[in-house]
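J.:
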Amino acid sequence: MTEQSIHLRIRRQDRPDSTPYWQEFVISGRADHNIVSLLMALRENPVTISGQRVDPVVWEHNCMEEVCGACAMLINGVPRPSCSALVAELDQPIRLEPLPKFPVVRDLLVDRTRIDQGLKQVKAWIKIDGVWDTHEGAPRIGPSEWAANYLYSRCMSCGCCMAACPQFGAHSAFLGPAPLAQARLMNAHPTGRYDKTERLHAIMAEGGLSDCGNAQNCVRVCPKEIPLTTAIGELGRQTTVQLLKDIFGPR
Amino acid sequence: MSKPNVIVIGGGLGGLWATLRIADAGFPVTLFSLFEVKRSHSVCAQGGINAVLDTKGQHDSIGQHIIDTIKGGEYLANQPPVKAMCEDAPGLIRTFERMGVTFSRTPEGLLDQRLFGGVKNKRTCFAGASTGQQLLYGVDQQVRRFESEGKVVKHEWWEFLSLLLDADGICRGIVAMDLKSLEVRAFAADAVVVASGGMGQLYAPKSTTSTNSTGAAASRCYRQGAWMANAEFFQFHPTAMMGHDKNRLMSEAARGEGGRIWVPKTPGDRRPPKTIPEAERFYFLEEFFPAYGNTVARDEAARAIWTVTRQMGLGIGGDGGDRVYLDLTHLDAAFIGARLGAILEIYRKFAGVDPMTEPMEIFPAAHYGMGGLWVDFERSADGGIQPDSPRNHATNIPGLYACGECDYAYHGANRLGANSLLSASYSGRVAGESVVSYLKGLGSDRRALAPAIPQAEIARQQAINADLMRAEGSDTPYRIQKELGALMTAKVGVVRSNPELESALGELAVLRERLRNARLGESSTWSNQSLAFARQLGDMIELAAVVTKGALARDECRGAHYKPAFHIPIPEGRFAGDPEFEAYRDRWHANNAQWLKTTIAEHTDDGPRLSYQEVDLSVYPPTEPRDYR
Chain A
1 MTEQSIHLRI
11 RRQDRPDSTP
21 YWQEFVISGR
31 ADHNIVSLLM
41 ALRENPVTIS
51 GQRVDPVVWE
61 HNCMEEVCGA
71 CAMLINGVPR
81 PSCSALVAEL
91 DQPIRLEPLP
101 KFPVVRDLLV
111 DRTRIDQGLK
121 QVKAWIKIDG
131 VWDTHEGAPR
141 IGPSEWAANY
151 LYSRCMSCGC
161 CMAACPQFGA
171 HSAFLGPAPL
181 AQARLMNAHP
191 TGRYDKTERL
201 HAIMAEGGLS
211 DCGNAQNCVR
221 VCPKEIPLTT
231 AIGELGRQTT
241 VQLLKDIFGP
251 R
Chain B
1 MSKPNVIVIG
11 GGLGGLWATL
21 RIADAGFPVT
31 LFSLFEVKRS
41 HSVCAQGGIN
51 AVLDTKGQHD
61 SIGQHIIDTI
71 KGGEYLANQP
81 PVKAMCEDAP
91 GLIRTFERMG
101 VTFSRTPEGL
111 LDQRLFGGVK
121 NKRTCFAGAS
131 TGQQLLYGVD
141 QQVRRFESEG
151 KVVKHEWWEF
161 LSLLLDADGI
171 CRGIVAMDLK
181 SLEVRAFAAD
191 AVVVASGGMG
201 QLYAPKSTTS
211 TNSTGAAASR
221 CYRQGAWMAN
231 AEFFQFHPTA
241 MMGHDKNRLM
251 SEAARGEGGR
261 IWVPKTPGDR
271 RPPKTIPEAE
281 RFYFLEEFFP
291 AYGNTVARDE
301 AARAIWTVTR
311 QMGLGIGGDG
321 GDRVYLDLTH
331 LDAAFIGARL
341 GAILEIYRKF
351 AGVDPMTEPM
361 EIFPAAHYGM
371 GGLWVDFERS
381 ADGGIQPDSP
391 RNHATNIPGL
401 YACGECDYAY
411 HGANRLGANS
421 LLSASYSGRV
431 AGESVVSYLK
441 GLGSDRRALA
451 PAIPQAEIAR
461 QQAINADLMR
471 AEGSDTPYRI
481 QKELGALMTA
491 KVGVVRSNPE
501 LESALGELAV
511 LRERLRNARL
521 GESSTWSNQS
531 LAFARQLGDM
541 IELAAVVTKG
551 ALARDECRGA
561 HYKPAFHIPI
571 PEGRFAGDPE
581 FEAYRDRWHA
591 NNAQWLKTTI
601 AEHTDDGPRL
611 SYQEVDLSVY
621 PPTEPRDYR
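In structure tokens:
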């Protein structure tokens, strides 16, 4: 395959508390490069456009097929997994920045602990008696209900939806779309329903559902096309019902 | 005295199952992972997980699952663990289902099952084509629940560097490095479980594995005395899509659901595939293996592709093409979309072509190590493994356990599709139970680890880091890793020969020397990824030597290990009872007498020392050669 020169602008940061700066690189690469493979090529010989040898760029990658969620970053201003960002489809110079809203560790590597915290806050799990066989499966789930649930179970915690959300960030306690969608998924499960009230109370508290400003950025950037705003809408109805229950009691 | 505690290294399916089982028994677990655990390579498993539910009117049986697994691995796996795993598979599925895993459903709302390779019955549970992701998330959620209850502590972004062994050689903890601050610290534990996954990156980039599947953690255990077993058996998955950076897996489920493999009958036929008439297509798997067709076992399918492309010259994709078509275009788009959506999406995104309208172009890629850390088992009276025996999944280092792809236990010489999610989950569960028994058996009078041991080990590891950071040679570890992958692919791949394996061993020694003088290119003391990479690369080269030396010593063909010079062909068109076939069976028996044995590799300063162990054949003795015709 023919080689072409690829122009990159990368926002770098040496430490969490240091000042970011930009560096430019031109490297020769194939048209079928994606951003992860391009950064791999660059780390072999990291020399800037002005001939300065610099430290290899730090970023996170693992599966390279858009299922692990590790490699998300801001590419030409859009949050997305970098492994599926094909160079041929990007305007140059290609601008790479760390995923916004999350603390930078170094260069393009960020700390997404807040997603994990959010999942804990909304109790995104099914309470089971233990990891042993009870000689019984879970209740049946019809194919159409399965199809709706499966969309949410493909969330890989990449954080793109949170990065794009104007309400989420260091300035706010908002959980963000990804953990909310998992609350919707767990509430739909036949036994997950048993803890629905607890989950709804968690998202009715500070930083919960009412912080969503309905900008709809999340659903536009989700690489797995998860209907995040639909989940948020469904949760809105569930919390309304819950609020009435809380006020009037269960009869 | 405080409660015994456990360290688990690795947060894929195996590690998380072990964590859950140990924490459930009331012992605190500290979980170490290079990254957030839900990014582990288990998410890349696509097609499904095997368990006999017999819901498809095919009279499927657990006995048949056992036989298919044993024969698929050409009898090299110890049989009691295989038996126990197949028997427990339905219970594991039920447990996953209770966790909320989104398994695909039948119209009645029950678990659906599909066909996979090397079997004749629909036995594979699945969640679309992202089964591994769904199973991992199921256990990840349970671990998070335990974490919120204070039963589990996660150390994500930490790298395991070495074991802490006491004066009696018992494992008493680990030394690990914080991948952000590069702090090297010792962690004491009463037992350690290594669940670090596979070593597919030895073949990078022609591998389907994630970039963190280096095998480095297993290699570090090996270098401290843990045995490696059957490392020469490495699976090449027949259907991966091309890519200069990675070969992306196209699940065997594509064939299980009706996909067909073919090439044009005329060499160099450049017509668009859809315009080539049926009569001019060579559906070679269906012709070579009429009984199993496109879902023949992976080793056979990968070699058939090699034969058709390299020997018959029928490959597609440019001059000397090495690809073949995987064709789904004749199937119902809505059905395939619901069952295989995730892989269709991968192909569309990375190849820019829709597999529903154009056949996919695929070829074999390094996929899964059958071999790995040697682990023990205790045979039970019924021929399976003794529940709760502390011997199950114990390595030869007391207190060190292994589970998941980094162990060698279940797949013999070749793994059947959809048995890996099963073995990862099952072995994690068993290892967890085994560790609990081990902890309960520890005397209360155990002496604490002498402080000098962790101190010395920390100093040794810091010195390794300092040496690497100081080196100013001309090579970079990144370039050396590329050469390692190219070497392994070319000389320790699908088809092997002794002269090439000999030369590979020599070249590995050169790579090892070159790495010693490589320059990291950075001396940052914060999140220095080059340092971690260079350390892992050194461990990968050691592991590559184990694979290569085992392959060189084994003069036979068995499963994924194929040396044509020692091939005993099945007589064409002859079956059991025919004198020619019976003569073949005699030769097969004679070969088994010499080679049906487990390779054990022990680390020495002069390279791996090989010895052999008998295989436990007590469940299904080898009287029938594997035959997929």
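Residue numbers (full-length UniProt numbering), protein chains in the order written: chain A, 1 to 251; chain B, 1 to 629. Heads up, the beta-carbon is just placed ideally off N, CA and C, and yes, glycines get one too.
(1) Which bits of chain B does arginine 43 of chain A rub up against, with CB to CB less than 7 Å?
(2) Going by C-alpha distance, which of B:Ala413, B:Trp158 and B:Asn5 is nearest aspartate 68 of chain B?
(3) Does the region 334 to 348 of chain B come close enough to the region 235 to 252 of chain B that 3 or more CB-CB pairs lie under 8 Å?
(4) Could you pull the start and end residues of the alpha helix (DSSP H) that proline 240 of chain A belongs to?
(5) Pull up the distance between the alpha-carbon of aspartate 24 of chain B and that of arginine 145 of chain B, whole angstroms please.
(6) How is tryptophan 158 of chain B classed by DSSP in three states: helix, strand or coil?
(7) Would you mind giving the Cβ-Cβ distance between proline 364 of chain B and isoleucine 305 of chain B, rounded to the nearest angstrom? I have them listed as a contact below 8 Å.
(8) Just the chain A side, please: which residues come within less than 7 Å of methionine 360 of chain B by C-beta, in chain order?
(9) Does the region 290 to 308 of chain B come within contact of the region 211 to 230 of chain B, defined as at least 3 CB pairs closer than 8 Å?
(10) When you compare the CB positions of alanine 72 of chain A and leucine 90 of chain A, do they come within less than 8 Å of one another, or not?
(11) Note down, in chain order, every chain A residue with its Cβ under 9 Å from the Cβ of glutamine 133 of chain B.
(12) Out of A:Val221, A:Ser172, A:Trp22 and A:Asp211, which has the shortest C-alpha to C-alpha gap to phenylalanine 102 of chain A?
(13) Report the three-state DSSP secondary structure of tryptophan 595 of chain B (helix, strand or coil).
(14) If the cut is a Cβ gap below 9 Å, which residues of chain A does glycine 109 of chain B touch?
(15) Does any residue of chain B have a CB that is nearer than 8 Å to the CB of asparagine 62 of chain A?
(16) DSSP three-state label for asparagine 34 of chain A, please.
(17) Where serine 530 of chain B and proline 477 of chain B are concerned, what is the direct C-alpha to C-alpha distance, given to the nearest angstrom?
(18) Just reading off the alpha helix (DSSP H) that leucine 422 of chain B is part of, what are its end residues?
(19) Less than 8 Å separating the beta-carbons of lysine 38 of chain B and aspartate 112 of chain B?
(20) Decide yes or no for the touch test of the region 443 to 462 of chain B against the region 161 to 170 of chain B: beta carbon pairs closer than 8 Å, at least 3 of them.
(21) Please determine if the region 604 to 622 of chain B and the region 102 to 116 of chain B are in contact, where contact requires at least 3 C-beta pairs separated by less than 8 Å.
(22) Determine the burial state of tyrosine 194 of chain A: buried for a count of at least 16 other Cβ atoms within 10 Å of its Cβ, exposed for fewer.
(23) Taking 6 Å as the limit between beta carbons, can you name the residues of its chain near valine 43 of chain B, skipping five residues before and five after?
(24) Specify the secondary structure class of proline 166 of chain A as computed by DSSP and reduced to three states.
(25) Between alanine 351 of chain B and the rest of its own chain, which residues show a CB-CB distance below 7 Å, the 5 nearest in sequence each way excluded?
(26) With a cut-off of 8 Å on the beta carbons, I'd call alanine 366 of chain B and phenylalanine 236 of chain B a contact; round off their distance for me.
(27) Note down, in chain order, every chain B residue with its Cβ under 7 Å from the Cβ of aspartate 133 of chain A.
(28) What are the start and end residues of each continuous beta strand (DSSP E) run of 3 or more residues lying completely inside the region 186 to 268 of chain B, in chain order?
(29) Run through chain A and tell me which residues come within less than 7 Å of serine 527 of chain B, C-beta to C-beta.
(30) Secondary structure at isoleucine 115 of chain A, three-state DSSP: helix, strand or coil?
(31) Count the other CB atoms, across all protein chains shown, that sit within 10 Å of the CB of serine 5 of chain A; report buried if there are 16 or more and exposed otherwise.
(32) Give the DSSP-derived three-state secondary structure of glycine 538 of chain B in the structure shown.
(33) Quick check: is any heavy atom of the ligand ZN less than 7 Å from the C-beta of alanine 504 of chain B?
(34) Under a Cβ-count criterion, where at least 16 other Cβ atoms within 10 Å of its own Cβ denotes burial, should isoleucine 22 of chain B be classed as buried or exposed?
(35) Straight-line CA distance for glutamine 536 of chain B to proline 56 of chain A?
(36) Beta carbon of tryptophan 526 of chain B, beta carbon of serine 196 of chain B: below 8 Å?
T.: The short version:
(1) Walking along the first sequence from the start, residue 43 of chain A turns up at place 43. The CB of arginine 43 of chain A comes closer than 7 Å to the CB of Tyr478 in chain B, given here in chain order.
(2) Looking up residue 68 of chain B in the second sequence gives position 68. The candidate whose alpha carbon is nearest that of aspartate 68 of chain B is B:Ala413.
(3) Judged by Cβ distances under 8 Å, the region 235 to 252 of chain B makes contact with the region 334 to 348 of chain B, as three or more pairs qualify.
(4) Against the first sequence, residue 240 of chain A aligns to sequence position 240. According to the sequence provided, residue 240 of chain A is threonine. The question's proline does not apply to it. Its alpha helix (DSSP H) spans residues 228 to 248.
(5) Walking along the second sequence from the start, residue 24 of chain B turns up at place 24. Walking along the second sequence from the start, residue 145 of chain B turns up at place 145. Whole-angstrom Cα-Cα distance: 11 Å.
(6) What you label residue 158 of chain B is simply residue 158 of the second sequence in a count that begins at 1. Secondary structure at tryptophan 158 of chain B: strand, using DSSP grouped into helix, strand and coil.
(7) Residue mapping note: residue 364 of chain B aligns to position 364 of the second sequence, counting from 1. Residue mapping note: residue 305 of chain B aligns to position 305 of the second sequence, counting from 1. Correct: roughly 6 Å between the Cβ atoms.
(8) One-based indexing of the second sequence puts residue 360 of chain B at position 360. The premise fails here: methionine 360 of chain B is roughly 14 Å from chain A at the closest Cβ pair, so nothing lies under 7 Å.
(9) Inter-segment contact for the region 290 to 308 of chain B and the region 211 to 230 of chain B is absent: fewer than three beta-carbon pairs are separated by less than 8 Å.
(10) Here the question's residue 72 of chain A lines up with position 72 in the first sequence. Here the question's residue 90 of chain A lines up with position 90 in the first sequence. Cβ atoms of alanine 72 of chain A and leucine 90 of chain A: not closer than 8 Å.
(11) As a position in the second sequence, residue 133 of chain B is number 133, starting the count at 1. From the beta-carbon of glutamine 133 of chain B, the residues of chain A found nearer than 9 Å are Val67, Cys68, Ser153, Arg154 and Met156.
(12) To locate residue 102 of chain A, count along the first sequence from 1; it is residue 102. When each option's Cα is compared against that of phenylalanine 102 of chain A, the closest is A:Ser172.
(13) Along the second sequence, read from residue 1 onward, the residue named residue 595 of chain B stands at position 595. In the displayed model, tryptophan 595 of chain B falls within a helix according to three-state DSSP.
(14) Taking the first residue of the second sequence as position 1, residue 109 of chain B is located at position 109. Per Cβ cutoff of 9 Å: Pro139, Arg140, Ile141, Gly142, Pro143, Glu145 and Trp146.
(15) As a position in the first sequence, residue 62 of chain A is number 62, starting the count at 1. Judged by the 8 Å Cβ criterion, asparagine 62 of chain A is in contact with chain B.
(16) Locating residue 34 of chain A in the first sequence gives position 34, counting from the first residue. Strand at asparagine 34 of chain A.
(17) Taking the first residue of the second sequence as 1, we reach residue 530 of chain B at position 530. Taking the first residue of the second sequence as 1, we reach residue 477 of chain B at position 477. Going by C-alpha positions, serine 530 of chain B is about 8 Å away from proline 477 of chain B.
(18) Here the question's residue 422 of chain B lines up with position 422 in the second sequence. Segment 420 to 440, the alpha helix (DSSP H) holding leucine 422 of chain B.
(19) Counted from its first residue, the second sequence places residue 38 of chain B at position 38. Counted from its first residue, the second sequence places residue 112 of chain B at position 112. In this structure, aspartate 112 of chain B does not lie closer than 8 Å to lysine 38 of chain B by Cβ.
(20) Because the criterion of three Cβ pairs below 8 Å is met, the region 443 to 462 of chain B and the region 161 to 170 of chain B touch.
(21) The region 604 to 622 of chain B, when compared against the region 102 to 116 of chain B, does not touch it at the 8 Å Cβ threshold.
(22) Sequence index remark: in the first sequence, residue 194 of chain A carries index 194 (1-based). Exposed is the call here.
(23) Stepping through the second sequence from its first residue, residue 43 of chain B is reached at position 43. Answer for valine 43 of chain B: Gly132, Gln133 and Leu136, listed in chain order.
(24) If you number the first sequence from 1, residue 166 of chain A lands on position 166. Proline 166 of chain A falls in the coil class under three-state DSSP.
(25) Position 351 of the second sequence, counted from the start, is the residue given in the question as residue 351 of chain B. Only residues of its own chain outside the window of five on either side were considered, and among them Met241 have a CB closer than 7 Å to the CB of alanine 351 of chain B, listed in chain order.
(26) By 1-based counting over the second sequence, the position of residue 366 of chain B is 366. By 1-based counting over the second sequence, the position of residue 236 of chain B is 236. About 6 Å separates the two Cβ atoms, so the contact holds.
(27) Taking the first residue of the first sequence as position 1, residue 133 of chain A is located at position 133. Per Cβ cutoff of 7 Å: Gly91, Arg94 and Thr95.
(28) If we require 3 residues or more, the beta strand (DSSP E) runs fully inside the region 186 to 268 of chain B come out as 191 to 194, 234 to 241 and 260 to 264.
(29) Translated into the one-based positions of the second sequence, residue 527 of chain B becomes position 527. Val58, Val105, Arg106 and Leu109, listed in chain order.
(30) Counting from 1 along the first sequence, the entry for residue 115 of chain A is found at position 115. Assigned with DSSP and collapsed to three states, isoleucine 115 of chain A falls in helix.
(31) Indexing the first sequence from 1 puts residue 5 of chain A at position 5. By the neighbour-count rule (16 or more Cβ atoms within 10 Å), serine 5 of chain A is not buried but exposed.
(32) What you label residue 538 of chain B is simply residue 538 of the second sequence in a count that begins at 1. Correct three-state label for glycine 538 of chain B: helix.
(33) The ligand ZN is absent from the structure shown, which contains no ligand whatsoever.
(34) Within the second sequence, the letter at position 22 stands for residue 22 of chain B. The residue in question, isoleucine 22 of chain B, is buried, as its Cβ has 16 or more Cβ neighbours within 10 Å.
(35) Numbered from 1 along the second sequence, position 536 holds the residue referred to as residue 536 of chain B. Numbered from 1 along the first sequence, position 56 holds the residue referred to as residue 56 of chain A. Distance between the alpha carbons of glutamine 536 of chain B and proline 56 of chain A: 17 Å.
(36) On the second sequence, position 526 is the one that residue 526 of chain B refers to. On the second sequence, position 196 is the one that residue 196 of chain B refers to. Result no, Cβ atoms of tryptophan 526 of chain B and serine 196 of chain B do not sit closer than 8 Å.
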